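Each residue of the sequence shown is one higher than the one before, counting from 27 in this note's numbering. For every residue, glycine included, the Cβ atom is placed at its ideal position computed from N, Cα and C. These figures come from a predicted structure and were not determined experimentally.
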Amino acid sequence: MDRIAEIKARLKRELSPSHVNIIDESHLHAGHAGAASGAGHFNVTVVSEIFAGQSPVQRHRMVYAAIGDLMQTEIHALSINAQIPDDQETDNRAPEET
């Protein structure tokens, strides 16, 4: 299983998300010291009801709990956007005219 598939499978199993998007940004870090190990740089968006009532720090901890061991081998850097469905709807709304 490739890295993105493994990350996605773990997030789905642990967080029951309604939406998961994972972008491999490793190519943007070529030549970076962390890139030499072969571990990747990823941008992850997870939308799940399980995050309701949780602070941003708690949400990030939940994501790390799901994939944390991959941080030792497969992931060098991880950018996390953890939302509840209401957050996503707010982000997708057109700006109000003023």
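Nearest-angstrom Cα distance between Pro-121 and Ile-101? Taking the sequence shown and counting its residues from 1, one reaches residue 121 at position 95. Taking the sequence shown and counting its residues from 1, one reaches residue 101 at position 75. Any reading at Pro-121 is ruled out, since the residue's pLDDT is 41, under 50, leaving its predicted position unreliable.
Neighbour-count burial assignment, Ala-108, 16 or more Cβ in a 10 Å radius: Residue 108 sits at position 82 when you count from the first residue of the sequence shown. Under this definition Ala-108 is a buried residue.
What are the residues that DSSP puts in a beta bridge with Ala-108? Working through the sequence shown from its first residue, we reach residue 108 at position 82. Paired residue(s): Val-72.
Can you find the residues in the same chain that come closer than 7 Å, C-beta to C-beta, to Glu-123, ignoring five residues on each side of it along the sequence? Here residue 123 refers to the residue found at position 97 when the sequence shown is read from its first residue. With a pLDDT of 42 at Glu-123, under the threshold of 50, the modelled position of that residue is not reliable, and no figure is offered here.
Quick one: residues in its chain with C-beta nearer than 8 Å to the C-beta of Lys-34, no 5 flanking neighbours on either side, listed in chain order? Numbered from its first residue, the sequence shown carries residue 34 at position 8. Correct list, in chain order: Val-46 and Ile-48.
Taking Arg-95 as part of the beta strand (DSSP E), name the residues at either end of that continuous run. Numbered from 1 along the sequence shown, position 69 holds the residue referred to as residue 95. What sits at residue 95 in the sequence shown is Asp, not Arg. Taken as a continuous stretch (DSSP letters only), Asp-95 belongs to no beta strand (DSSP E), as it is neither H nor E.
State the Cα-Cα distance for the pair Asn-69 and Ala-92, rounded to the nearest angstrom. Position 43 of the sequence shown, counting from 1, holds the residue named residue 69. Position 66 of the sequence shown, counting from 1, holds the residue named residue 92. Straight-line Cα distance between these residues: approximately 15 Å.
Between the alpha carbons of Glu-51 and Gly-66, how many angstroms are there, rounded? Residue 51 sits at position 25 when you count from the first residue of the sequence shown. Residue 66 sits at position 40 when you count from the first residue of the sequence shown. Distance between the alpha carbons of Glu-51 and Gly-66 is about 7 Å.
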